[in-house]
Amino acid sequence: MIGEWLDIGPVMQIAPGHARTMPVQGGEEIAIFHTWEGHFYALVNKCPHKHGPLSQGIVHGTEVTCPLHSWKISLKTGEAQGDDKGCVPTIPIRVDAGRLYLLRSAVIGAKAPESAA
Ligand code: FES
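Numbering (this note's numbering), first residue to last: 58 to 174.
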């Protein structure tokens, strides 16, 4: 059980409304978001549109607005909202005793979405 979850540090490292990134050797960079409501989400750090860096977007509610062309991406599901189509993988995340943990198998296996046409 212990090895299933990857300890990525204290929750305090990410201020509400912000994100930080975590490089993954041989895999996709992960973006970890802290919402204004105090929840945490993790996604592959590539917008399903043209691979914009979602970690640099604006967090509002349980969505992030991509900094490149303003697609809104659900932090819960990774899906583009509204008329936009596309989905970015999400990574299970949990908080335990003030620390953040990502599901190790999801971190290693995460693949960036195909870029939209
Ligand atoms: S790359 Fe994200 S909206 Fe275009």
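C-beta atoms are modelled at their ideal positions from N, C-alpha and C, and glycine is treated no differently. Treat the numbers as computed from the prediction; the structure is a model and nothing was measured.
Bridge partners of Glu-136, per DSSP?
The residue given as residue 136 occupies position 79 in the sequence shown. Answer is Cys-144.
Nearest by alpha-carbon distance to Ile-150: which of Ile-115, Gly-118, Ser-162 is it?
As a position in the sequence shown, residue 150 is number 93, starting the count at 1. Ranking the options by Cα distance to Ile-150, first place goes to Ser-162.
With C-beta atoms as the reference, is Trp-128 less than 9 Å away from Gln-113?
Here residue 128 refers to the residue found at position 71 of the sequence shown. Here residue 113 refers to the residue found at position 56 of the sequence shown. Not in contact: Trp-128 and Gln-113 (Cβ atoms no closer than 9 Å).
For Ala-169 and His-106, which I take to be in contact (beta-carbon distance under 8 Å), what is that distance rounded to the nearest angstrom?
As a first step, residue 169 must be located in the sequence shown, where it is residue number 112. As a first step, residue 106 must be located in the sequence shown, where it is residue number 49. Contact doesn't hold; Cβ gap of about 12 Å is too wide.
Compute the distance between the beta-carbons of Val-68 and Ile-87, then report whether it is under 9 Å.
Residue numbering aside, residue 68 sits at position 11 when the sequence shown is read from its first letter. Residue numbering aside, residue 87 sits at position 30 when the sequence shown is read from its first letter. No, they are not a contact pair.
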